[in-house]
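Asks:
There are 4 protein chains.
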Amino acid sequence: MIVVMRNGAPRESVAAVVERVKELGFQAHLSEGEERTIIGIIGDKRPQNEHVFRLMEDVEKVVHILRPFKLASRDFHPLDTVVPINGHSIGGNQVIVMAGPCAVESREQFLETAYAVKEAGAHILRGGVFKPRTSPYSFQGLGEPGLEMLAEVKERTGLAIISEVMAPEQVPLMAQCADILQVGTRNMQNYNLLHALGEAGKPVLLKRGMMSTMEELLMSAEYILSHGNYRVMLCERGIRTFETYTRNTLDLSAVPVLKQATHLPVVVDPSHATGNWEWVEPLSRASIAAGADGLLIEVHPHPDKALSDGTQSLRPERFAELIQRARAVAEAVGRSL
Amino acid sequence: MIVVMRNGAPRESVAAVVERVKELGFQAHLSEGEERTIIGIIGDKRPQNEHVFRLMEDVEKVVHILRPFKLASRDFHPLDTVVPINGHSIGGNQVIVMAGPCAVESREQFLETAYAVKEAGAHILRGGVFKPRTSPYSFQGLGEPGLEMLAEVKERTGLAIISEVMAPEQVPLMAQCADILQVGTRNMQNYNLLHALGEAGKPVLLKRGMMSTMEELLMSAEYILSHGNYRVMLCERGIRTFETYTRNTLDLSAVPVLKQATHLPVVVDPSHATGNWEWVEPLSRASIAAGADGLLIEVHPHPDKALSDGTQSLRPERFAELIQRARAVAEAVGRSL
Amino acid sequence: MIVVMRNGAPRESVAAVVERVKELGFQAHLSEGEERTIIGIIGDKRPQNEHVFRLMEDVEKVVHILRPFKLASRDFHPLDTVVPINGHSIGGNQVIVMAGPCAVESREQFLETAYAVKEAGAHILRGGVFKPRTSPYSFQGLGEPGLEMLAEVKERTGLAIISEVMAPEQVPLMAQCADILQVGTRNMQNYNLLHALGEAGKPVLLKRGMMSTMEELLMSAEYILSHGNYRVMLCERGIRTFETYTRNTLDLSAVPVLKQATHLPVVVDPSHATGNWEWVEPLSRASIAAGADGLLIEVHPHPDKALSDGTQSLRPERFAELIQRARAVAEAVGRSL
Amino acid sequence: MIVVMRNGAPRESVAAVVERVKELGFQAHLSEGEERTIIGIIGDKRPQNEHVFRLMEDVEKVVHILRPFKLASRDFHPLDTVVPINGHSIGGNQVIVMAGPCAVESREQFLETAYAVKEAGAHILRGGVFKPRTSPYSFQGLGEPGLEMLAEVKERTGLAIISEVMAPEQVPLMAQCADILQVGTRNMQNYNLLHALGEAGKPVLLKRGMMSTMEELLMSAEYILSHGNYRVMLCERGIRTFETYTRNTLDLSAVPVLKQATHLPVVVDPSHATGNWEWVEPLSRASIAAGADGLLIEVHPHPDKALSDGTQSLRPERFAELIQRARAVAEAVGRSL
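As structure tokens, this is what we get:
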């Protein structure tokens, strides 16, 4: 952390900052420029609150030098984290595809989709029973009764299951039947939920908030990691911008940027990002070309009858084509799928 | 809802949409333009899922005509909702000021601030014990032990209390000692929490998500209203934009726009929006001039020693000045403070 | 400027940066922390290109300490700049109101509006003859023939005139008949135009780009100032965000932030920001309460017949009411109008 | 266009809108729903100004049904536009790579880069002589003296040249020596410039404004097309969002969305979008996988000595690797490079 003094700050103001730095157990390193005096704060811990200095007389601003996440950073853990799921490895050479309906609607619909995505080549089955919906009048998911269906379909198809949790009390229930617990975009900063997931003992897929920075995404991962759970995967799913032709703006730069900043696997969800099935395939290919470790894709046997997100769901036959084309790109960049 | 067909859509595709509209229990109203055929969907309920039509052959897009909120709209309830709190009325002629520290840090700090803001003219005392923080390493609030302090300070000062809840299980606890339950910006779409607040029997102040549209804010209010709680206040606290000189961008247009769209009171929090105490006073005045029903302001007796948000906290003496100047503006627009 | 080295950067990499700093004529100030070594760059000029250092071995990032604008900053010119226009002063105690139609449509329409806004209390008359329009099929303004009307109406009403220029070749023409040359939001970074305005010898009102930060606005002002024209006024007119209920999001925080950062007057245009005449009055009042030096408001005698921007134009009688109410707020904050 | 009446609008208000529609030469199509009456406006032209209706008594809103661009739309021109340049075709099966320095700095630097990118496999050479820079104190390009260098290097290397124009008066000069005239992101809505390019008789590469929607990009293309120049290419180069880890946010969804909406070729510039050479290669591959017709990439023989944008420039040897890897992806999606 660096404290920048105002132009012409008197000697006493500078001395006061230096004094405060020492009081707090750090060393102060003074540097007098032509226009500004700056004071570096040095120590083996990091000062928590910049306003301690920011509010002192003649301080112009406080500049952070270090990124605030630790356990999630490559500095801390240089090698890629690989999360093993049911015989597959997320974060390794293979690109992993998770597919299925937005919401589990019935035993039949979920089973039909499960077999279809398995046949097409998906590695993991997605399906929500707790659904966050903007309107209180929309279908909210089957809730706890849906958990049984997750368990049954998992057993019958042999596919690992990823499913969303929305509240701390759902975590232990879901941990019994799902292989990956998903945090949705609106809950990325639901800290009570993150805390519970840190103690869940199950892999977590953490979706980026639709208006969260990559740094905030990594800080939310840090919550889970710092509570003891190291099996965390990040998911880029589109951010909110001024553009309205797509539902959100898929931020594919996040793939190489996150792969550089962190050791955690990075998955992309092109279905929610675009909101339109027609654009899911080209962006699935692009995600792999950019270096993604996995894809999360919505598939529904009858999109026009879906209870949620039908517009962005692929029919199984189109999903099968997507897998073929995505595999060609994976191979072109030296990976398998 | 209106279905727009593609240019040159064949007669059969149009007929299929009309058929589907009728199957779902609505009437179809056909309108053939020079470039496009459009189909209006008419009925006494609203079709829930646009993708039912969006995915049909030759459909170009689906356009919503009605806003999706009902109980929150002025159409439904033309008169202003007024929420009485401890002898004050929020949403009436008087501008209500809620002030206090971001976080309750100790019995002494909270009591000292409470007396100071009361003397300066604040109507309601704010103070958080459950604190959502971006970093797991930051101070997270006193938690349940802090509830007792809320109750004690309330009794000693006679001030009503507003305090944040972060999870459904905190709602009944907080309802026992606070007069207003606050939903923070990161929890605006925490639907489990909103559901619990709908059943809490206490007034709620719902902060706009920093990434949320006004329509989404009203839909989140709709969750609370539709679960039986009509005492809901909205709070504009700044939205996230590309600008970095301020912490967030205070969207003051939201005040007149929301007052037109809904009957619920609208409060403004200039402290979180700007992130800098120097800009809180001018924006407090501007909020009142724009028509706000109340202000939510951070005050701390020793901002440089605050455990959170010190940079944006006012010292009590500056807060007292703010009240004086804000009162002059309130009177200039025909209100009291 | 500060160069931050990567964690564990070898001694040679640090030495190489220090060497380069000296080669470029600056002094290097080394500071070795627990996790990072940082190098301050000191000198009486500022290094122009951060990539010179950013691309060196083991450099993690380069941090700017100083804001990049000089002539526009309060450091350089601590007192408020006041721009005298036709007997009025912009940037002084009085709040100045500039009003009139978006576009000059005819001699009659412009003259009628001019008399109406003068009677209502406006100080300066606005009216565009060069109109930037998103669609090539929309009315583009009267062009050069409209200049004569500006001159005539100015003479008959005695009002000073503000009007937009879109290209360098329009600057000398417009400088002959207008008192203030306006730069529109889409041209804020049209550097050829800014250069021409720096040499125009006339006051300039520079509108913030709807996609521009305050820092970029000040850098564009710097272009005009550095080419010799010191009579520059800044105008906040709404920025682009994800919100769609308003045309743009009026960033009223920009008023106190800019007034702190620069000595230049700050004007607000609530008409373009909201895009709806119903919200112009409350936001005009709010602008004054926030500290604006002036308002820019669209008025049209027959908004429903306007050739552009009718939705946000006030009828003259509503504008007269606005002036009354805005004056009350101006007086409440110690100013006149 | 559809006019939506307020809930409970009286019969006379509806009749007045219908009357106005007819006066303007359109047909009105009335549709009475349970909650709202809506009026469709039908005709062979499009009403230009929504406020004509928006401002009438009891009108709630006006909804646009058609997209506002015509010549740029696939409806108007279903087949892909292919732009031939110097023996290459942009918009056909081959992915075209345009590469070179941000700015031409000297004859030697430009010639060295030209030979290097040619050898690596680039098809077209980029190099700016007119440079839009945020700061008036930064290098602004060589200006007109640089045009000669463009001509010389073009002749010696046989490469076609793309270079930026910033003002109408530069268009005829640049048209003499460059093969493609580039419009920069800050000039996307410089309508005087677009008009001049419509009459330039040379292919144009139109960069998306960093805070412009795809619809506005297409409307700016419409300006050029409607003034007679059909050889227009669109370029996605990153949009401005709240994310700060990258310079801008590359919107790769724009590739499939634009390819569906328009017949014009779509090129991607990953250098400006990311602002960091390390991320250019993965996003170049992703662009091709998403369906881009071309890439625009910054290459500099000595990035740390570049006078602008060095941080995002690739060294020639890294660019050669990029070409190899990009070619593998192009082939995986059925294209050549």
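Protein chains in written order, with the working numbering: chain E, 21 to 357; chain L, 21 to 357; chain R, 21 to 357; chain A, 21 to 357.
Positions of the beta carbon are idealized from the N, C-alpha and C atoms, including for glycine.
Since this is a predicted model, take the numbers as computed values, not measurements.
#1: Over what stretch of residues does the beta strand (DSSP E) that includes Val137(L) continue unbroken?
#2: Give the interface partners of Gly63(E) over in chain R, defined as CB-CB distance under 9 angstroms, in chain order.
#3: For Lys279(L), which residues in the same chain have their Cβ closer than 7 angstroms to its Cβ, ignoring the five residues on either side in sequence?
#4: Note the first and the last residue of the continuous beta strand (DSSP E) segment covering Arg146(E).
#5: Quick one, which residues of the region 80-109 of chain R are near chain E if we go by CB-CB under 8 angstroms, in chain order?
#6: What is the rounded straight-line gap between the Cα of Arg94(A) and the Cα of Thr101(A)?
#7: Note down the Cα distance separating His108(E) from Ile116(E), rounded to an integer number of angstroms.
#8: What residues match up with Gly60(R) in a beta bridge as DSSP calls it?
#9: Looking at chain D, is there any beta carbon in it that lies within less than 9 angstroms of the beta carbon of Gln280(E)?
#10: Determine the closest residue to Leu99(R) out of Trp297(R), Asp313(R), Gln160(R) and Thr282(R), with distance taken between C-alpha atoms.
#11: Output yes if chain L places a C-beta closer than 9 angstroms to the C-beta of Asn27(A); else output no.
#12: If you pair each beta-carbon of the region 181-188 of chain E with each one of the region 259-276 of chain L, do three or more pairs fall below 8 angstroms?
#13: Taking the runs of the alpha helix (DSSP H) that are 4 residues or longer, which of them lie wholly in the region 65-134 of chain R?
#14: Using CA atoms only, rank isn't needed, just tell me which of Glu301(L), Ala180(L) and Thr205(L) is closest to Ala195(L).
#15: According to DSSP, simplified to helix, strand and coil, what is Val194(E)?
#16: Verify whether the separation of the beta carbon atoms of Met118(R) and Ile343(R) is less than 9 angstroms.
#17: What residues from chain R crowd round Phe130(L), counting only those whose CB sits closer than 7 angstroms?
#18: Relative to chain L, which residues along the region 214-245 of chain R have a C-beta separation below 8 angstroms, given in chain order?
#19: List, in order along the chain, the chain A residues whose C-beta lies closer than 7 angstroms to that of Thr261(L)?
#20: Scan the region 187-209 of chain A for residues whose Cβ lies nearer than 8 angstroms to a Cβ of chain R and list them as they occur along the chain.
#21: For His49(E), go through chain R and note every residue whose CB falls closer than 7 angstroms to its CB, in chain order.
#22: Check Asp324(A) in the structure and name its three-state DSSP category.
#23: Applying a beta-carbon distance threshold of less than 7 angstroms, which residues of chain E neighbour Val24(R)?
#24: From Val349(R), Ala326(R), Leu284(R) and Val353(R), pick the residue whose C-alpha is nearest to that of Phe89(R); which is it?
#25: When you compare only the Cα positions, how much space is there between Gln202(E) and Ser246(E)?
#26: Would you please state the rounded distance, in angstroms, between the beta carbons of Asp324(L) and Leu75(E)? I believe it to be under 8 angstroms.
#27: Could you give the distance in angstroms between the alpha-carbon of Arg56(A) and the alpha-carbon of Ile59(L)?
#28: Name the residue from Phe159(A), Met231(A), Ala274(A) and Ala350(A) whose alpha carbon lies nearest to the alpha carbon of Glu298(E).
#29: Closest Cβ-Cβ distance between Ala123(L) and chain E: below 9 angstroms?
#30: Between the alpha carbons of Val41(L) and Val82(L), how many angstroms are there, rounded?
#31: Indicate the three-state DSSP secondary structure (helix, strand or coil) for Thr331(R) in the structure shown.
#32: Provide the residue span of the beta strand (DSSP E) that contains Ser307(L), from first to last.
#33: Would you tell me roughly how many angstroms separate the C-alpha atoms of Val224(A) and Leu327(A), rounded to the nearest one?
#34: Just to confirm, are Met169(E) and Arg206(E) a CB contact at a threshold of 9 angstroms?
#35: Could you confirm whether any beta carbon from chain E is found closer than 9 angstroms to the beta carbon of Gly60(R)?
#36: In whole angstroms, give me the CA-to-CA distance for Ser38(L) and Val173(R).
Replies: In short:
#1: Taking the first residue of the second sequence as 1, we reach residue 137(L) at position 117. Unbroken run through Val137(L) is the alpha helix (DSSP H), Arg127 to Ala140; no beta strand (DSSP E).
#2: To locate residue 63(E), count along the first sequence from 1; it is residue 43. Gly53 and Glu54, listed in chain order.
#3: Locating residue 279(L) in the second sequence gives position 259, counting from the first residue. Excluding positions up to five away in sequence, the list reads Val286 and Gly311.
#4: Counting from one through the first sequence, the residue named residue 146(E) turns up at place 126. From DSSP, the beta strand (DSSP E) with Arg146(E) extends over Ile144 to Arg146.
#5: Val83, Ile85, Leu86 and Asp95
#6: Within the fourth sequence, the letter at position 74 stands for residue 94(A). Within the fourth sequence, the letter at position 81 stands for residue 101(A). Roughly 10 angstroms separates the two Cα atoms.
#7: Within the first sequence, the letter at position 88 stands for residue 108(E). Within the first sequence, the letter at position 96 stands for residue 116(E). Computed Cα separation, rounded: 8 angstroms.
#8: By 1-based counting over the third sequence, the position of residue 60(R) is 40. Answer is Ile22(R) and His49(R).
#9: Going by chain labels, chain D is absent from the structure shown, which instead holds the protein chains E, L, R and A.
#10: As a first step, residue 99(R) is located in the third sequence; it is residue number 79 there, counting from the start. For the set Trp297(R), Asp313(R), Gln160(R) and Thr282(R), the Cα lying nearest the Cα of Leu99(R) is the one of Thr282(R).
#11: Numbered from 1 along the fourth sequence, position 7 holds the residue referred to as residue 27(A). Output row for Asn27(A): interface = yes.
#12: No, the region 181-188 of chain E is not in contact with the region 259-276 of chain L.
#13: 71-74
#14: Within the second sequence, the letter at position 175 stands for residue 195(L). Of the listed residues, the one whose Cα sits closest to Ala195(L) is Ala180(L).
#15: As a first step, residue 194(E) must be located in the first sequence, where it is residue number 174. Looking at the sequence shown, residue 194(E) is not Val but Met. Of the three classes helix, strand and coil, the one that applies to Met194(E) here is helix, per DSSP.
#16: In the third sequence, counting from the first residue as 1, residue 118(R) sits at position 98. In the third sequence, counting from the first residue as 1, residue 343(R) sits at position 323. For Met118(R) and Ile343(R), no; Cβs fall outside 9 angstroms.
#17: By 1-based counting over the second sequence, the position of residue 130(L) is 110. Neighbours of Phe130(L) on chain R: none; closest Cβ ~29 angstroms, over 7 angstroms.
#18: Met231, Thr233, Met234 and Glu235
#19: Translated into the one-based positions of the second sequence, residue 261(L) becomes position 241. Result: Phe262.
#20: Per Cβ criterion, the list reads Ala187, Pro188, Glu189, Arg206, Asn207 and Gln209.
#21: As a working note, residue 49(E) is residue 29 in the first sequence. In chain order: Ser51.
#22: Locating residue 324(A) in the fourth sequence gives position 304, where the first residue counts as 1. Asp324(A) carries a helical assignment under DSSP once its states are collapsed to helix, strand and coil.
#23: Position 4 of the third sequence, counting from 1, holds the residue named residue 24(R). The contacting residues are Ile85.
#24: Indexing the third sequence from 1 puts residue 89(R) at position 69. Minimum Cα distance to Phe89(R) is reached at Leu284(R).
#25: Here residue 202(E) corresponds to residue number 182 of the first sequence, with the count starting at 1. Here residue 246(E) corresponds to residue number 226 of the first sequence, with the count starting at 1. Between Gln202(E) and Ser246(E), the C-alpha separation is close to 18 angstroms.
#26: Sequence index remark: in the second sequence, residue 324(L) carries index 304 (1-based). Sequence index remark: in the first sequence, residue 75(E) carries index 55 (1-based). So it is a contact: roughly 4 angstroms between Cβ atoms.
#27: By 1-based counting over the fourth sequence, the position of residue 56(A) is 36. By 1-based counting over the second sequence, the position of residue 59(L) is 39. Each residue's alpha carbon lies about 15 angstroms from the other.
#28: Numbered from its first residue, the first sequence carries residue 298(E) at position 278. The shortest C-alpha separation from Glu298(E) is found at Ala274(A).
#29: Your numbering for residue 123(L) matches position 103 in the second sequence. No, Ala123(L) does not count as interfacial toward chain E.
#30: Here residue 41(L) is taken as the residue at index 21 of the second sequence, counted from 1. Here residue 82(L) is taken as the residue at index 62 of the second sequence, counted from 1. One C-alpha to the other measures close to 13 angstroms.
#31: As a working mapping, residue 331(R) is identified with position 311 in the third sequence. Thr331(R): helix per DSSP, three-state reduction.
#32: Position 287 of the second sequence, counting from 1, holds the residue named residue 307(L). That residue, Ser307(L), is in no beta strand (DSSP E); its alpha helix (DSSP H) goes Val300 to Ala310.
#33: The residue you call residue 224(A) lines up with position 204 of the fourth sequence. The residue you call residue 327(A) lines up with position 307 of the fourth sequence. Taking the straight line from one Cα to the other gives about 25 angstroms.
#34: Within the first sequence, numbered from 1, the residue matching residue 169(E) stands at position 149. Within the first sequence, numbered from 1, the residue matching residue 206(E) stands at position 186. Not closer than 9 angstroms, so no.
#35: Mapped onto the third sequence, residue 60(R) falls at position 40. It does; some Cβ of chain E falls within 9 angstroms.
#36: Locating residue 38(L) in the second sequence gives position 18, counting from the first residue. Locating residue 173(R) in the third sequence gives position 153, counting from the first residue. It is Val, not Ser, that sits at residue 38(L) in the sequence shown. Rounded to whole angstroms, the gap between the alpha carbons of Val38(L) and Val173(R) is 57 angstroms.
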